[in-house]
Amino acid sequence: MISPAITVIGVNERRPAEQRPIARVLVDVPLPHLDRPFDYRVQAAHAADAVPGCRVKVRFAGQLVQGYLLDRVDTTEHVGRLAYLERVISPEPVLSPELAAVARAVADRYAGTVADVLRLAVPPRHARVEAEASEPAARPQAPGVPTQWQRYERGAALVKALSSGVQAKAVWQALPNEDWPRRLAELAATVAAAGRSAVIVVPDHRDVARVHAACVALMSDDAVVALSADLGPARRYRRWLRVRRGAAHVVVGTRAAMFAPVHRPGLFVVWDDGDDLHAEPRAPYPHVRDVLVLRAHQDGASFVAGGFARTAEAQLLVESGWAHEVIARRSVVREHAPRVSGTGDDFEQARDPAANTARLPAVAFEAARAALDAEAPVLVQVPRRGYVPALACAQCRTPARCRRCAGPLGLPAKGSHEARPPACRWCGAVEPTFRCAACGSARLRAQVVGAGRTAEELGRAFPGTTVRTSGGDEVLATVPSGPQLVVATPGAEPVVEGGYGAALLLDGWALLGRPDLRAAEETLRRWMTAAAMVRPADQGGRVVVGADTALRTVQALIRWDPAGHAQRELAEREELGFPPARRMASVQGVAHAVAKTVAEIDLPASAEVLGPVPVHVPRATGDEEHERALIRVPRGDGKALAAALARVQAQRTARKEPDSIRVQLDPLEVI
DNA sequence: ATCGTCATTTGT
DNA sequence: CAAATGACGATC
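664 is the number that numbering that gives the first Met the number 0 gives to position 665 of the first sequence; each next residue is one higher, with no gaps.
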């Protein structure tokens with residue numbers, strides 16, 4: 000028998016707060032049909048700590064779950080009893096109204112849930128770090144810093160807009176050899192001097208380090224915060240809190256920094272938006288560029304998508320009139336660009352007697368030789384290991400070599416189902432009728448050749464030259480200047496003081512030949528990123544690309560015309576009905592679940608369903624046979640499509656359907 | 001997980 | 001015909 004006195008005291012302990020006794024709480028549950036706030040009562044004891052934005056624990060359907068307190072209000076719509084907040088985890092307001100609104104907008108855009116977005120946006124709490132104070136940093140002086148933006152058309156206007164707080168939206172193609180971290184730092188410093196904050200998102204932590212260093216050179220270093228995934232939980236939360244508390248006003252980071260909770264946002268920047276690291280691999284799969292566009296729109300802040308190359312998505316921002324392009328005039332581009340040549344035309348084998356094992360196309364060999372003779376480093380870009388397997392004779396294992404330049408033959412690795420003839424990984428020449436030079440066999444086998452093997456072969460072509468490799472798990476951030484061969488995979492090219500004297504872009508044919516919607520765009524992006532590290536032509540800078548000069552993408556590199564290439568890419572996507580010209584969604588899962596889901600979606604009349612088709616999902620616990628359907632709509636119906644997909648997922652979880660399906664909007668890989 | 005609601009079964 | 005049991009769905 001329980002004493003009535005104890006029961007009475009227990010009830011009395013939970014007296015409601017006098018001011019705003021209702022809390023609107025976003026509970027952290029993964030179910031789409033519960034993706035909305037729930038009301039709770041706030042007890043008097045929690046009245047002071049239960050502030051909007053704080054983390055709480057609530058009883059939800061019998062279990063204790065985490066949640067965010069969105070707001071304190073006076074009344075509730077809910078008919079029936081309200082439970083009390085169980086606990087206020089801490090009064091730190093981690094979820095600002097602005098961030099909550101961003102999370103809602105991102106969830107809506109991607110047919111996902113706010114809880115999923117917040118898992119990406121808010122780092123785990125670290126109590127000891129939270130107890131520390133965050134000292135506010137000084138702002139740069141009002142006049143700002145001198146910039147180099149006048150080299151670009153509309154560049155000066157962009158800086159002026161940022162310094163006066165006018166919203167600007169720009170798609171920027173950096174000049175070859177541009178000190179782009181410095182240019183981005185100039186924009187951030189301008190915004191900071193105007194009393195607002197800047198967020199700069201770059202692909203990887205090497206870029207974070209470069210841009211951070213450039214920012215620190217222009218501002219006090221405690222005003223700038225570097226956020227990247229490789230920090231431990233304590234440092235990550237400390238820096239994030241500095242931003243959230245308004246102590247720092249410039250954020251430089253990788254993907255997760257797209258949600259950085261800056262005060263008074265004035266500028267959002269994504270650098271190299273074509274890099275696939277900008278696509279979040281966790282649900283609801285948001286893309287940095289899209290999230291920053293949403294935030295800029297929501298906050299009236301400026302937006303810049305910068306890069307050496309231009310994506311079709313960025314091109315759409317320009318063509319729709321949402322953003323202006325910021326590019327240099329052709330004459331300025333020509334001053335800064337290296338001389339680029341292909342290998343497909345005017346082919347002539349190098350006549351260097353020392354190079355009889357691995358001979359390069361003559362142009363490539365000569366460009367490298369000239370750079371090395373001028374005491375300059377040479378960059379050699381090769382695909383990631385296993386990306387393009389090289390071929391060897393099936394009989395005697397002798398590496399299969401190009402009959403024109405003796406380069407290694409290869410086949411495109413990924414997703415190429417149709418029979419394709421092997422081709423030279425260096426000069427791009429196609430070899431439809433292979434015969435082994437050693438034994439005469441016509442049969443080939445694939446073998447994996449990475450940067451290491453390429454480096455070894457090149458070393459023999461240039462005896463006595465230092466050869467370094469960068470890629471995979473050994474990425475070099477920088478290399479010392481001086482004559483050397485630097486063999487790097489795309490994205491791992493080391494920075495060198497003074498730039499490279501030459502770059503050899505091998506495997507061009509294989510990259511371009513991939514049966515991927517983005518093959519051309521991605522190839523040009525990789526080429527330009529590497530070629531931009533080569534000295535201007537008037538300082539002897541040469542780039543040799545292992546592909547036919549007649550190809551459109553090779554032409555775009557030679558003429559250094561990323562905008563023109565993006566324009567044609569977008570036109571082609573328009574014609575084919577692919578993203579970003581149309582909005583597309585993929586629905587994936589076991590066959591019957593996909594079929595049922597697609598049938599249940601309340602699709603806009605304009606929608607077109609493609610498939611479903613079988614897809615192979617490799618898993619640690621045995622591979623799974625899934626199906627995938629694609630749904631596409633005109634861009635104007637994108638919102639309706641996302642809403643319909645969110646509804647159908649909510650229905651499924653409400654009904655406790657056993658098979659899970661994965662819904663992804665504008666997936667990166669669609670073919 | 002747990003609670004309330006409603007239909008169905010079981011006990012008088 | 002009331003009480004006990006169970007299926008189901010919402011979850012504050």
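Ideal Cβ placement from N, Cα and C applies to all residues, glycine included.
Would you check if the distance between the CB atom of residue i and the CB atom of residue j is smaller than 7 Å?
| i | j | result |
| --- | --- | --- |
| Tyr-109 | Pro-280 | no |
| Ala-445 | Gly-507 | no |
| Val-269 | Val-200 | yes |
| Pro-382 | Val-542 | no |
| His-625 | Gln-663 | no |
| Val-261 | Ser-162 | no |
| Arg-459 | Gly-273 | no |
| Ala-590 | Asp-658 | no |
| Leu-443 | Ala-399 | yes |
| Val-597 | Ala-628 | yes |
| Pro-611 | Asp-665 | no |
| Leu-316 | Val-170 | yes |
| Cys-214 | Ala-187 | yes |
| Ala-696 | Ala-16 | The displayed coordinates of the chain run from 0 to 670. Any statement about residue 696 would go beyond what the structure contains. |
| Tyr-151 | Ala-327 | yes |
| Cys-438 | Gln-380 | no |
Per DSSP, which one or two residues make a beta bridge with residue i?
| i | result |
| --- | --- |
| Val-478 | Val-495 |
| Arg-86 | Lys-56 |
| Glu-623 | Val-616 |
| Glu-324 | Val-170 |
| Tyr-67 | Leu-25, Arg-54 |
| Phe-433 | None, per the DSSP bridge assignment. |
| Cys-392 | Leu-443 |
| Thr-468 | Val-486 |
| Gln-587 | Arg-627, Arg-661 |
| Tyr-39 | Ala-22 |
| Ala-502 | Leu-378, Val-542 |
| Ala-278 | His-286 |
| Gly-341 | Val-544 |
| Gly-305 | Trp-171, Trp-270 |
| Asp-632 | Residue 632 is actually Val in this sequence, not Asp. The partner list for Val-632 (beta bridge, DSSP) reads Arg-582. |
| Glu-318 | Note: Glu-318 sits in no beta bridge, so no partner. |
| Glu-473 | Gly-470 |
| Glu-607 | Arg-631 |
| Leu-740 | A question about residue 740 goes unanswered here, because the residues of the chain that appear run from 0 up to 670. |
Pull up the CB-CB distance for residue i and residue j, whole angstroms please, since I reckon it's below 8 Å.
| i | j | result |
| --- | --- | --- |
| Ala-308 | Met-527 | 5 Å |
| Ala-653 | His-32 | 4 Å |
| Asp-38 | Thr-75 | 4 Å |
| Ala-562 | Glu-324 | 6 Å |
| Pro-712 | Leu-276 | Past the boundaries of the shown model lies residue 712; the chain is included only from 0 to 670, so the question cannot be answered. |
| Ala-519 | Thr-477 | In fact, because the Cβ distance is near 30 Å, the residues do not count as touching under 8 Å. |
| His-297 | Ala-594 | A small fix is needed here, since residue 297 is Gln in this sequence, not His. In fact, because the Cβ distance is near 37 Å, the residues do not count as touching under 8 Å. |
| Cys-401 | Ala-428 | 6 Å |
| Val-223 | Val-251 | 7 Å |
| Ala-256 | Val-198 | 6 Å |
Can you list, in chain order, the residues of its chain whose CB lies under 8 Å from that of residue i, leaving out five sequence neighbours each side?
| i | result |
| --- | --- |
| Ala-155 | Trp-148, Gln-149 |
| Tyr-236 | Pro-122, Pro-123, Arg-124, His-125, Val-128, Glu-129 |
| Ala-160 | Gln-166, Ala-167, Ser-301 |
| Pro-708 | With the chain covering 0 to 670 only, the question about residue 708 has no answer from this structure. |
In chain order, what residues of the same chain have a beta carbon less than 7 Å from the beta carbon of residue i, not counting five sequence neighbours either side?
| i | result |
| --- | --- |
| Ala-491 | Ser-469, Gly-470, Val-474 |
| Gln-65 | Asp-27, Arg-54, Lys-56 |
| Pro-90 | Asp-48, Val-50, Cys-53 |
| Pro-36 | Arg-23, Val-24, Leu-25, Leu-69 |
| Ala-649 | Pro-31, His-32 |
| Val-292 | Phe-302 |
| Gly-576 | Arg-631 |
In chain order, what residues of the same chain lie with their CB nearer than 6 Å to the CB of residue i, ignoring the 5 residues before and after it?
| i | result |
| --- | --- |
| Gly-111 | Ala-282, Pro-283 |
| Val-632 | Arg-582, Pro-603, Ser-605, Ala-606, Leu-640 |
| Ala-570 | none |
| Glu-496 | Ser-480 |
| Trp-239 | Pro-122 |
| Ala-580 | Arg-572, Glu-573 |
| Asp-221 | Ala-136 |
Beta strand (DSSP E) segments (min. 3 residues) lying fully within the region 242-270: 249-252, 264-270
Within the region 139-220, ranges of the alpha helix (DSSP H) (whole runs, at least 4 residues): 154-163, 179-192, 204-215
4 or more residues per run - each alpha helix (DSSP H) lying fully within the region 105-131: 113-120, 126-130
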